[in-house]
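First comes the structure, then the notes that go with it.
Protein chains: 2
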Amino acid sequence: MALGTDYPRQDCGIARSLELVGERWTLLILRDCFLGVRRFSDLQAHLDVSRAVLSSRLDALVAEGLLERVGDGHASYELTEDAIALWPVLLLLAQWGDQRTSPGRPRRTFHHVGCGILGRDGRCSTCDVAPHPRDVETRRGPGADPTLRSDPVSRALREPHRLLEPLVTA
Amino acid sequence: MALGTDYPRQDCGIARSLELVGERWTLLILRDCFLGVRRFSDLQAHLDVSRAVLSSRLDALVAEGLLERVGDGHASYELTEDAIALWPVLLLLAQWGDQRTSPGRPRRTFHHVGCGILGRDGRCSTCDVAPHPRDVETRRGPGADPTLRSDPVSRALREPHRLLEPLVTA
DNA sequence: TGGTTTGGTCTGTTCATCGAACCAAATGCA
DNA sequence: TGCATTTGGTTCGATGAACAGACCAAACCA
């Protein structure tokens with residue numbers, strides 16, 4: 001972890017977290033992994049990020065135990081339990097960002113499978129449970145702009161998709 | 001907002017959020033504001049950040065409606081409701097970072113005033129309510145290192161303190 | 001009113017990211 | 001099986017962000 005992203009003089013859990021997930025692109029990489037993206041090229045094409053930065057970020061996430069490389073050769077990247085614990089952060093940032101920039105018209109919605117939509121506290125509006133991400137389905141919301149991107153991941157995410165399930169791109 | 005921190009090609013609430021709070025130091029500034037720090041020099045001394053960066057971050061937070069300059073001359077910085085909505089993110093990052101780097105010995109704990117300690121879901125372990133930050137008291141935890149810093153803010157935070165209340169530094 | 005403190009602003013240096021080029025390794029197919 | 005293609009990097013120069021120090025304007029207070 002480079003010195004330019006650390007906070008050695010902050011005795012604080014937030015600083016410890018930001019040292020790992022605070023760098024540019026990292027949380028968006030994790031977002032994509034929650035959405036089921038598994039392959040380097042899919043991540044790269046969906047994020048439009050330089051391959052050098054993506055490679056460096058993935059290495060760090062693997063080294064710190066947030067991602068796991070599965071399989072030899074063209075590996076698949078999967079979230080660990082530690083990373084999955086960050087889901088509420090991502091959900092809240094998604095909702096907060098949508099509320100500020102597209103009030104009442106979220107770009108993406110999240111649903112407790114077979115139940116209700118998730119509210120601001122991450123709980124199902126129907127049963128009040130805060131479901132595990134694997135029991136969450138994500139859908140394109142009314143505020144989404146389907147014309148902005150057409151990479152394979154963006155196209156696949158036009159359909160509802162269960163979090164943590166591998167996203168199949170053509 | 002500079003181009004190097006934006007994600008114009010991401011149609012995503014998380015990207016919108018990160019465009020505002022994803023820059024280095026921003027979330028720590030907001031953390032300090034939750035802890036009741038109000039003045040430029042206290043922020044600067046507690047964060048050990050260059051004054052140019054702090055000034056730039058504060059300007060952006062004010063411009064985007066997350067902070068409010070109160071008073072003329074030597075202004076005071078106060079969180080807006082929009083910013084206060086980010087409290088669960090900060091709480092979760094604090095807990096996640098502490099759990100990973102100091103398991104069982106958090107550097108800082110948060111308590112529902114007159115009730116119980118807050119758990120991982122931000123709810124009071126006694127009454128199960130997720131209290132508003134103004135009803136939360138923060139205390140130094142068993143994992144804190146009181147020798148790391150001795151700026152006025154760090155010294156003041158050795159005592160329990162209510163979130164959002166102005167932190168008085170000598 | 002003058003000295004001190006606070007809150008900036010400016011600038012050269014260092015580090016991170018970007019974008020393109022190059023290449024090694026893996027995959028797929030005839 | 002060998003070759004073409006794809007995938008997953010690595011390298012490098014240009015650009016932008018952060019840092020550290022110096023300077024200074026504005027505010028405060030005795």
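Protein chains in written order, with full-length UniProt numbering: chain Z, 1 to 170; chain G, 1 to 170.
Just so you know, even glycine gets a beta-carbon here, dropped at the ideal spot from N, CA and C.
Treat the numbers as computed from the prediction; the structure is a model and nothing was measured.
Proximal residues to residue i (C-beta, below 6 Å), its chain only, five neighbours per side dropped
i	result
THR5 (chain G)	GLU23
PRO88 (chain Z)	GLY122
ARG162 (chain Z)	GLU137
VAL21 (chain G)	LEU27
Cα-Cα separation, residue i to residue j
i	j	result
residue 188 (chain G)	CYS127 (chain Z)	There is no way to answer for residue 188 (chain G), as the model of chain G reaches only from 1 to 170.
GLY116 (chain Z)	HIS111 (chain G)	31 Å
THR101 (chain G)	ARG9 (chain Z)	15 Å
ARG57 (chain Z)	THR26 (chain Z)	6 Å
ARG120 (chain Z)	THR109 (chain Z)	11 Å
GLY141 (chain Z)	GLU159 (chain Z)	11 Å
PRO103 (chain Z)	THR138 (chain Z)	18 Å
LEU18 (chain Z)	PRO146 (chain Z)	31 Å
GLN44 (chain Z)	SER55 (chain Z)	9 Å
SER50 (chain G)	LEU90 (chain G)	22 Å
ARG16 (chain G)	VAL129 (chain Z)	27 Å
VAL53 (chain Z)	ARG31 (chain G)	28 Å
LEU67 (chain G)	LEU148 (chain Z)	31 Å
Contacts around residue i, its chain only, beta-carbon distance under 7 Å, and the 5 residues preceding and following it disregarded
i	result
THR169 (chain Z)	ASP42, PRO152, VAL153, ALA156
THR131 (chain G)	Checking the sequence shown, residue 131 (chain G) turns out to be Pro, not Thr. Cβ neighbours of PRO131 (chain G) beyond the five flanking positions: HIS112, CYS124.
ASP98 (chain Z)	PRO106, ARG107, GLY143
ARG69 (chain G)	VAL62, ALA75, TYR77
Any C-beta of chain Z under 8 Å from that of residue i
i	result
CYS33 (chain G)	no
THR169 (chain G)	no
ARG139 (chain G)	no
THR80 (chain G)	no
VAL89 (chain G)	yes
CYS12 (chain G)	yes
PRO106 (chain G)	yes
TYR7 (chain G)	yes
LEU67 (chain G)	no
THR109 (chain G)	no
ASP128 (chain G)	no
ASP42 (chain G)	no
ARG57 (chain G)	no
ASP121 (chain G)	yes
residue 171 (chain G)	Absent from the structure is residue 171 (chain G), since the part of chain G shown begins at 1 and ends at 170.
ARG100 (chain G)	yes
Closest by C-alpha distance to residue i, when choosing among the options
i	options	result
CYS12 (chain Z)	G:HIS74, G:ARG16, G:LEU93, G:GLY119	G:LEU93
SER150 (chain G)	G:LEU67, G:LEU47, G:ASP135, G:ARG39	G:LEU47
PHE34 (chain Z)	Z:ALA83, Z:ARG107, Z:ASP121	Z:ALA83
GLU81 (chain G)	G:GLY73, G:ALA75, G:HIS74, G:GLU64	G:GLU64
LEU28 (chain Z)	G:THR147, G:ARG69, G:TYR7	G:TYR7
ASP72 (chain Z)	Z:ALA52, Z:ARG39, Z:LEU90, Z:SER50	Z:ARG39
Minimum Cβ-Cβ distance from residue i to chain G less than 8 Å
i	result
GLY97 (chain Z)	yes
ALA15 (chain Z)	yes
ASP48 (chain Z)	yes
ASP145 (chain Z)	yes
ALA45 (chain Z)	no
ARG158 (chain Z)	no
LEU163 (chain Z)	no
ARG149 (chain Z)	yes
LEU54 (chain Z)	no
LEU118 (chain Z)	no
Residues near residue i in its chain [Cβ-Cβ closer than 8 Å; skip 5 each side]
i	result
LEU164 (chain Z)	PHE34, GLY36, LEU79, ILE84, PRO133, ARG134
GLN95 (chain Z)	PRO106, ARG120
Distance cut-off 7 Å: residue i Cβ against heavy atoms of the ligand PLP
i	result
ASP135 (chain G)	Ligands in the displayed structure: none, and consequently the ligand PLP is not present.
*Length-filtered (4 minimum) alpha helix (DSSP H) runs lying within the UniProt domain "HTH hxlR-type" (12–105) of chain G*: Runs of the alpha helix (DSSP H) inside the UniProt domain "HTH hxlR-type" (12–105) of chain G: 13–21, 26–34, 40–47, 51–63, 81–84, 87–101.
*Output the residue ranges of the alpha helix (DSSP H) runs that lie fully inside the region 125–159 of chain G and measure 4 residues or longer, sorted by chain position.*
When DSSP assignments are scanned along the region 125–159 of chain G, the uninterrupted stretches of alpha helix (DSSP H) that are 4 or more residues long and fall wholly within it turn out to be 152–156.
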